[in-house]
Structures are given as C-alpha cells and as structure tokens.
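Here the structure is laid out as structure tokens; the discussion comes afterwards.
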Amino acid sequence: MGRRFLLRFLKLHWFGYAVGVAFMFLASWIQTLFPRILGDTVDILKTAGFAPAGVYTQIGYLLGVAAATFGTTYVWRNLVIGGARRLECDLREALFDHFQVLSPSFYSRRKTGDLIAYAINDINAVRMMLGPATSQAINGVAVILFTVVAMARASDWRLTLLALLPLPFIVAFMLVVGRVVKKRFKRVQKTFATISDRVNENISGIRVIKAYAQEDEEVRRFERLNDRMVEANLAMVRVSSLLSPVIEACFTVSFVLNLILGGGRVLAGQITLGDFVAFNGYLVLLLKPVISIGQVINVVQRGMASLSRLDEILDVAPDVVDGGPVAAFPAHAGIAVRDLSFAYPGADREALSGIDLTIPAGRTLGIVGRTGSGKSTLVQLLMKMYNVEDGRILFGGTDLNDFRLDALRRGFGLVPQDNFLFSATVEENIRCFQGGYTPEQVAQAARDACIYDSLMALPDGLGTMLGERGVNLSGGQKQRISIARALIRDPEVLVLDDALSAVDTVTEGEILANLRRVRAGRTTLIIAHRISAVQEADEIVVLDAGRIVERGTHAELLAKGGPYREICDLQ
15 MGRRFLLRFL KLHWFGYAVG VAFMFLASWI QTLFPRILGD TVDILKTAGF
65 APAGVYTQIG YLLGVAAATF GTTYVWRNLV IGGARRLECD LREALFDHFQ
115 VLSPSFYSRR KTGDLIAYAI NDINAVRMML GPATSQAING VAVILFTVVA
165 MARASDWRLT LLALLPLPFI VAFMLVVGRV VKKRFKRVQK TFATISDRVN
215 ENISGIRVIK AYAQEDEEVR RFERLNDRMV EANLAMVRVS SLLSPVIEAC
265 FTVSFVLNLI LGGGRVLAGQ ITLGDFVAFN GYLVLLLKPV ISIGQVINVV
315 QRGMASLSRL DEILDVAPDV VDGGPVAAFP AHAGIAVRDL SFAYPGADRE
365 ALSGIDLTIP AGRTLGIVGR TGSGKSTLVQ LLMKMYNVED GRILFGGTDL
415 NDFRLDALRR GFGLVPQDNF LFSATVEENI RCFQGGYTPE QVAQAARDAC
465 IYDSLMALPD GLGTMLGERG VNLSGGQKQR ISIARALIRD PEVLVLDDAL
515 SAVDTVTEGE ILANLRRVRA GRTTLIIAHR ISAVQEADEI VVLDAGRIVE
565 RGTHAELLAK GGPYREICDL Q
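The opening position of the sequence shown corresponds to residue 15 in this note's numbering, with each subsequent residue numbered one higher.
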C-alpha cells in the first residue's frame, strides 16, 4: 500500500515535479558553463597586451551564470523538495488514519515504540528518498551528462574516456554498498523502535520505578539498548563511509591521467591552456555529483527499507469488518444476546461461552464476577471491538453486523477500566473534542458525575490543562471525568466498566442516584466488583469462567445463597 500511495501522490502532483525536473536540468546545464568561461578567461589573460574589456565581459558572464544557477536552483528545490514535504505530511496522515481503523487486537500485538518509529523515522526516510535523494540523483545525472559532453568539446573523446575510466568501478561499488546499507538500516530502525518503546514505557511508569527504587536498574537496561543501537548505527556507518573515500581516490587517478596526458597535449600545442584549465574544471565539477550519487544510493536504500516497513503496516487489514447499511443506532432499543461464545485470537479457551441475555430498553443491568470471568469481554463484543457471528447480538431486533461501525459505537457511552485522559483542558476531555455542547451542558455533566466542585477548585476550573493521561489528577477524579464524558453524549446505552472503583462509597451512592435520574428510560450496563454498585439494578448477572452462573435481582440472588451471596458476604 505504501508504494501505491507514492504512485497516487506522484500522479496527482506530476506537473509540479515535471517543472521542477525541467529547471533542474536547466540549472545543471548552466553550471557546466562556468569551467568553459573560466578557460576562455585564461586564454585571454595569457595573451600579451590583452584588452581589459574582454576580461570584464567574461566576469559578467560568470556573474550571470551564478545568478541563473541561483534562480533555477531556487525554483526546482521549492518544487521537488517542497513536494517531498507534502508527501511526508500526506503519508503521515494516511498512516495515522490507518491506525484509527485497526482493531484493538492489533495494538495488543504491537509495541507503541515501534509504531512511533513508523510515524517518525520511516516516513522521514521515505521523504529523504523522494526529496533530497531524488533531486540529487537527477541533478547529478544531468550534471554528469552535460559535463561529459563539455569535456569532450574542450579536449577530445579519448582523453575524456580515460578520465572517466574509474566510473564503472565506482558504480559497481555503489550498488554493492547500497544493498548492505539497506540491510543494516533495517536493523537500525528496529533498534530505534525498541528504544522508543523503552523510553515511552519508562516515562509512563516513572512513579512505579521510583516507588520501587528501580532507577539504576532501568538506566542499566536502557544503556544496554542504547549500546545495541550504537552498534547497529556504527555497522551501517562503517559501510556507507567507504563511498566518498573510494570515489575521491578513483577521481585522483583521473586527475593524474589528465595532468600527464592533458599537460602533454598543451605542450604539443594540440589544445590551449584554457582548454586544459576548463577540462580540469569539468573534472572537479564531475566529482561532486558522483559523490552525491553515492550518498543518494545510501539514502534510497534507507528509504526503500523504510518503505517496505510501511508497506507491512499499511497492508494490515482491520480484524473487525465494517457492518452493513444501517447508519443510525435505534432509539430506546432493547439488547438481545443469543448463545454468544467467543475466544480471543490465539487463546486456548473461550472467554465467553453460551451467553444468553435479554435487556429490555430503559433497564439497568448489573454484571459481577471474578477477575477474568468475561465481564469486559462481553462489553467489547457489544461494541464490536472483535468480530461477532451473525445473529448473536441484536439491538432493537437489528443484527449487530448490520450496523456501520461508527453508527453502532455512537450509540454507546463507555467508561472503561483504564480512564484515559488527553493532554488537554478538562472541558475538552469532557467534550472529547466534539463541538455542539454548551458550557452549561459540560458543567451539568460534571455535576452529574459528582466532579464539578473538585474541578472548579482547580487553578483554571474547567479550562485547567491536564498533564499526560491526567497525571495531575487523582484516580477518582479521572474516573468521574470519564463518567462526565460519557454522560454528556446522552447515549442510548451507557456502559460503566468498573468505573466506580476509585471513588468512596458515599460518592458512589451519589453518582448512582444521579444516573438513575438522568438515565431514566435509557439502557445502562454496570460492571463492578463492589456489590453496592449494582444492587439497585433491574437485573444482575453473575459471570464465572465465561458463563452466566446466576441471574436475578439483588434480593433474589441473596436468597439463592450462591456465588453472588458469597461475594456479598466477603464484602
């Protein structure tokens, strides 16, 4: 997909690149005029009694060449290098869009640092390949072609061919080095991803590290990773650094041959001193693009390595397939779960087995059970975070798989166990960056979540900026902001997944009372470990090992004396 994206981009912006390449060739041709003008100036100066006006004219030509080179180079760099910057922006947006549609199972398999490496290092390597490397390659080839023709005119083809004799060896050496660089650059990218993941993990868990006095051990672990990255980079540098010295050594042979043979031809009167100076100037002019092409091969091989990595990630298809044509979640719809079984990919046992549930519209369902009993899994399947067989889950009689994913999930308001907050203001976190909510609605949602007074005590109230993941708030405050975020949407189905675990029992009671008031006539699912959170629910189900082992009201389940009663007694 990465390569297809590049082709689409080039097809869309072909005109700008075509004009840029045209100006690139023009700039290359203008550069080759400089040695010829310099040679003509030498021929004028060596003539006894030369006219100063002729020298001034040549100086004018040199200044004109410099000005024309500046103008044409400025144009093509803006078009070609600027195009590569647009490519970088579009490719990063495409990658980010792709991240948004990938399923939760993908993120359980991939590390954050590796994904960050794709978005930064790999995309930058592709930009360098399509921008500076491509322009240097085209410019270098153009300069070489124009320079070789000019060299032949300044001397003859035999001397030109002798001077260019090392070029085939240089090209072959470049290709060999390029393949090795590509292989070693992939290793560099992998070590960068590992280091990024380690840094991200350490910053996120810095409080745990300090609490357990693990700073020194973490430093040692990071040093080992850093040493591996240095080794990978040095292994690549040891190969890539050979290019320039080898090229310069080969061109030294060309200069020596020119001094011997070209100098002899000047003494024999076959060419003028100006022609000889111009020929040497062309050799100097030739050296730079050949060296740059060597560097280009390095950059291109790195870019191709990164492009293949991006291909791998962009070709990953979402595990969860989008649904059918239904574009709106039904209002006041009941939920039906029919013989639902599910196992996580790669798991050797089912997380849910034979679940049958009917939740009438406007009812509150409590779900309790031991850790790992399948409570959160059930919610994830209701929101189609994983694929579900047809006919297993229905909303208002419509199969879950008949809904578009966005329509289905807009019908839910989820407060997950991991109360993730963004590095933004409190208000933006409650609105979840969506417009259409008035300040009064934001404040009311905060009141219903019993967090308004605490928020107004912050330095800037609802406008207070939160640290990463809400680090400057307590666990209970983060939970209640997450509840406010769900309530402001007024969803058809509200899901609290152990969302009251960090608040005290008094605050829990106030929140539940508010929920009964504001959620009247709407469906609510409350997953909890504390019985106090679900005892007012219309129905409670008890899960154990992925199966429903009990169901009923709080009073009915207490009377049965089963697992629910055991949990109550323990609490």
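Where is the CB? At the ideal position from N, CA and C, for every residue including glycine.
ask   = Taking C-alpha atoms, which residue in E454, F436, P453 and A246 lies nearest to C446?
value = F436
- In three-state DSSP terms, what is A350? In this structure, A350 counts as strand in the three-state DSSP scheme.
Item to check | Under 8 Å between C-beta atoms of R586 and A98 | outcome: With the chain covering 15 to 585 only, the question about residue 586 has no answer from this structure.
Handout entry: Whole runs of the beta strand (DSSP E) within the stretch 392 to 435, excluding any shorter than 3 residues
Key = 407 to 409 and 426 to 429
Item to complete: Can you have a look at V270 and say buried or exposed, based on whether 16 or more other CB atoms are within 10 angstroms of its CB?
Response: exposed
Length at least 4, wholly inside the stretch 197 to 249: the alpha helix (DSSP H) runs in chain order:
220 to 225
**Asked** By Cβ distance, which residues of its chain are closer than 8 Å to E442, with the 5 residues on each side in sequence left out?
**Response** Cβ neighbours of E442 beyond the five flanking positions: F436.
Check your understanding: Per DSSP, which one or two residues make a beta bridge with T439?
Key -> M479
Worksheet entry | Residue(s) in a DSSP beta bridge with R565 | V555
| task | Mind checking which residues open and close the beta strand (DSSP E) that includes V509? | result | V507 to D511
*Is M399 buried or exposed, if buried means 16 or more other CB atoms sit within 10 Å of its CB?*
buried
Excluding sequence positions up to five away, which residues of its chain have a Cβ less than 6 Å from the Cβ of G127? A207, S210, D211 and N214
G360 by DSSP, collapsed to three states: which one?
-> Here G360 sits in coil by DSSP.
Straight-line CA distance for L572 to G477? 46 Å
- Nearest neighbour of A542, chosen from I261, G410, K389 and I95 [CA to CA]: Ranking I261, G410, K389 and I95 by Cα distance to A542 puts K389 first.
Would you say F120 touches the ligand ADP, meaning its beta carbon is less than 7 Å from a heavy atom?
Judged by which ligands are present, the structure shown has none, so any question about the ligand ADP falls away.
**Message:** Just verifying my parser: in three-state terms, what is the DSSP assignment at I327?
**Reply:** helix
Q. From Y121 to D336, what does the alpha carbon distance come to, in whole angstroms?
A. Their backbone Cα atoms lie some 18 Å apart in a straight line.
Inter-residue spacing [alpha-carbon to alpha-carbon] between A342 and V440 = 29 Å
Where D504 falls: helix, strand or coil (DSSP): coil
(request) Return the first residue and the last residue of the beta strand (DSSP E) that G368 is part of. (result) L366 to I373
| So with Cβ pairs under 8 Å, would you call P505 a contact of chain C? | As a matter of chain content, chain C is missing from the structure shown, which is built from one protein chain.
- Message: Are the CB atoms of D552 and P577 within a distance shorter than 8 Å?
- Response: no
- My guess is that V340 and F426 are in contact by the Cβ rule of under 8 Å, so how many angstroms apart are they, rounded? Here V340 is actually not in contact with F426; their C-beta atoms are around 15 Å apart, not less than 8 Å.
- Where does S468 fall in DSSP's three states? helix
Practice item. Flag this pair as touching only if the stretch 36 to 43 and the stretch 78 to 87 have three or more C-beta atom pairs under 8 Å; answer yes or no. Key: yes
Which class does V382 belong to by DSSP, given the choice of helix, strand or coil?
The answer is strand: DSSP assigns V382 an E or B state.
Original post:
Is the beta carbon of A350 sitting closer than 8 Å to the one on T537?
Top reply: In this structure, T537 does not lie closer than 8 Å to A350 by Cβ.
Opposite T537 in the DSSP bridges: which residues? V507
Task: Assumed close pair Y451, A457 - CB separation to whole angstroms, cut-off 8 Å - done: The pair is not a contact, with the Cβ atoms about 10 Å apart (cut-off 8 Å).
*Whose CA, out of F434, I407, V33 and V195, lies closest to the CA of S149?*
Measuring from the Cα of S149, the nearest candidate turns out to be V33.
To the nearest angstrom, how far is the alpha carbon of D241 from that of R201? If you draw a straight line from the Cα of D241 to the Cα of R201, it comes to about 13 Å.
Open item on the list: When you compare the CB positions of R544 and V517, do they come within less than 8 Å of one another, or not?
Closed with: For R544 and V517, no; Cβs fall outside 8 Å.
Review point. Skipping 5 residues on each side, what residues in its chain have a beta carbon closer than 6 Å to that of I130?
Key: Only residues of its own chain outside the window of five on either side were considered, and among them S210 have a CB closer than 6 Å to the CB of I130, listed in chain order.
Are three or more beta carbon pairs between the stretch 303 to 322 and the stretch 184 to 193 nearer than 8 Å?
yes
Query raised in the report: Should L21 be labelled buried (16 or more other beta-carbon atoms within 10 Å of its own) or exposed?
Result: Here L21 is exposed, its C-beta having fewer than 16 other C-beta atoms within 10 Å.
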